[in-house]
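So the sequence shown is numbered by full-length UniProt numbering: it starts at 1 and just counts up by one. Some notes on the structure that comes next.
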Amino acid sequence: MLDFFGTIGSAIMAPLYYVISAVLVGWHKLFGSIFGPATGIAWVLSIIGLTLVIRMALIPLFVKQIKSSRNMQLIQPKVRELQKKYGHDRERLAQETMKLYKDSGTNPFASCLPILLQMPIFLALFRLIDQAVKNPDDPKGLMTVTLNEQFRDATFLGAKISDTFLNTDDIGVRVLAAILVLAMTATTFLTQRQLMSKNMPADALSGPYAQQQKMLLYILPVVFAVGGIAFPIGVLFYWTTSNLWTMGQQFYVIRNNPAPGTPAATAKEERDRAKAARKGLKTPAQLEEERLAAEAEARRAEKSQSRQQPQRQSKSQRTKKKR
């Protein structure tokens, strides 16, 4: 039975081995021609190049993740209203909640897609490194025996790409692995905190969903820190680079397209005002404020004029006035 599931797993992962190894080997040809094919820096840069290619391919999903996470937080007040109204009827509550998700264009599972799609890629890279170490004569994907041996023996800052914190007694290797684990953990924490502190309104930071997000803010880094000591140096470079990309990408999106009513939106308005003031222009927000003020002034003037207009007199009133 285990062999059967192993065969199924290998069949599923086989296409990924070819895709990942193709990108990795492509970058290695470039960097190997510069630094030497057997050097650690060529393989580290190849892994970083692989990470960038994968993250660029995931940009559309990342945008959906940001929008979904933001919408999930913004609709939490409405979700709480539904819970108060239909708390006694779980089936009706589920129906109304799903209707709210649909009407607001929110997919509660979209926020998990990028990391879920990265996990098979992460496992494929892990297996490529593991295979290069344990069985270089049986290459996977487009890796060859020679490439496996180079991958296995390549060193960077005194550590092999295949080394882990646990499988070495070399203090220098453990220091490098520990630094990469801490970098991976810190970037995971800062990425999530950046989203919650900058792009969420105050009223969305309460309730069950917000509490779950706060728990994940601290739980996920701990999980990565514990698991990271068993990751090869090459995998740690991949995950840290991926986190740094996420931070930069998220910073750009939050800075230029913040959710309304958030600290990021306030900061953007202030930047827009300062930029417009330097150019002698007005921001869209200022123009909208002036338009609303003009409309309010016009309504007040119209109302005042209607009060001052003399009332129309009847014929008997006019006759009586003449007498």
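C-beta atoms are modelled at their ideal positions from N, C-alpha and C, and glycine is treated no differently. Every value quoted in this text rests on a predicted model; they were computed, and no experiment measured them.
Segments assigned beta strand (DSSP E), at least 3 residues, entirely inside the region 24 to 72 = You should have found no qualifying run.
ask   = From Leu-180 to Pro-263, what distance separates their C-alpha atoms?
value = Cα-Cα distance, rounded: 31 Å.
ask   = Taking Cβ positions, are Pro-232 and Thr-185 nearer each other than 8 Å?
value = No, Cβ-Cβ distance for Pro-232 and Thr-185 is not below 8 Å.
task = Check whether the region 21 to 28 touches the region 38 to 57, counting contact only when three or more Cβ pairs, one atom from each stretch, lie closer than 8 Å.
result = yes
query = The alpha helix (DSSP H) with Ile-254 in it runs from where to where?
reply = 233 to 256
Pairwise C-alpha distance: Ile-66 and Val-53 = 20 Å
query = residue 327 to Gln-194, Cα distance in whole Å?
reply = The requested residue 327 is not part of the displayed model; the chain covers only 1 to 323.
task = Scan the region 119 to 165 and note each continuous alpha helix (DSSP H) run of 4 residues or more that stays entirely inside, going in chain order.
result = 145 to 153
ask   = So is Gly-158 buried or exposed if we call it buried at 16+ other beta carbons inside 10 Å?
value = exposed
ask   = What three-state label does DSSP hand Ala-259 in the structure shown?
value = Note: Ala-259 maps to coil in three-state DSSP.
message = Nearest by alpha-carbon distance to Met-36: which of Leu-236, Ala-154, Thr-246 is it?
response = It is Gly, not Met, that sits at residue 36 in the sequence shown. Gly-36 has its Cα closest to that of Ala-154, out of Leu-236, Ala-154, Thr-246.
inquiry  = the ligand SAH and Arg-80: does the residue's C-beta get closer than 7 Å to at least one heavy atom of that ligand?
reply    = Ligands are entirely absent from the displayed structure, and the ligand SAH is therefore not among its contents.
message = I'd like to check one pair, Thr-187 with Thr-240: are the Cβ atoms closer than 8 Å?
response = yes
inquiry  = Comparing C-alpha positions only, which one of Phe-122, Leu-281, Asp-169 sits nearest to Tyr-17?
reply    = Of the listed residues, the one whose Cα sits closest to Tyr-17 is Phe-122.
key: Buried or exposed by the 16-neighbour rule on C-beta atoms within 10 Å, applied to Ala-177   = buried
key: Residue environment, Leu-128, which counts as buried when at least 16 other CB atoms sit within 10 Å   = buried
ask   = Do you know offhand how far Leu-147's Cα is from Lys-134's?
value = Those two C-alpha atoms are separated by around 14 Å.
Same chain only: Cβ atoms within 6 Å of Ala-165, ignoring 5 sequence neighbours per side = According to the sequence as given, residue 165 is Phe; it is not Ala. Result list for Phe-165: Arg-174, Ala-177, Ile-229, in chain order.
message = Taking the beta carbon of Gly-227 as the centre, do at least 16 other beta carbons fall within 10 Å, making it buried, or is it exposed?
response = exposed
query = Given a threshold of 16 other Cβ atoms within 10 Å of its Cβ, counted over all protein chains shown, does residue 343 qualify as buried or as exposed?
reply = Outside the modelled stretch of the chain, which goes from 1 to 323, sits residue 343, for which no answer is possible.
task = Just mark Ile-171 as buried or exposed, buried being the case when its beta carbon has 16 or more other beta carbons within 10 Å.
result = Exposed.
ask   = Which residue comes first and which comes last in the alpha helix (DSSP H) that contains Asp-103?
value = Its alpha helix (DSSP H) spans residues 90 to 103.
query = Going straight from the alpha carbon of Glu-297 to that of Met-72, what length do you get?
reply = Rounded to the nearest angstrom, the two C-alpha atoms are 38 Å apart.
ask   = Roughly how many whole angstroms lie between the Cα atoms of Ala-22 and Arg-55?
value = Approximately 16 Å, taken between the alpha carbons.
ask   = Near Arg-299, what residues of its chain come up, given a Cβ to Cβ distance below 6 Å and the 5 sequence neighbours on each side ignored?
value = none
message = Could you tell me the alpha carbon to alpha carbon distance between Leu-117 and Leu-281, rounded to whole angstroms?
response = 45 Å
request  = For my contact list, Ala-124 and Ser-162 are in at a C-beta cut-off of 8 Å; report their separation, rounded to the angstrom.
outcome  = Not a contact, Cβ separation roughly 15 Å.
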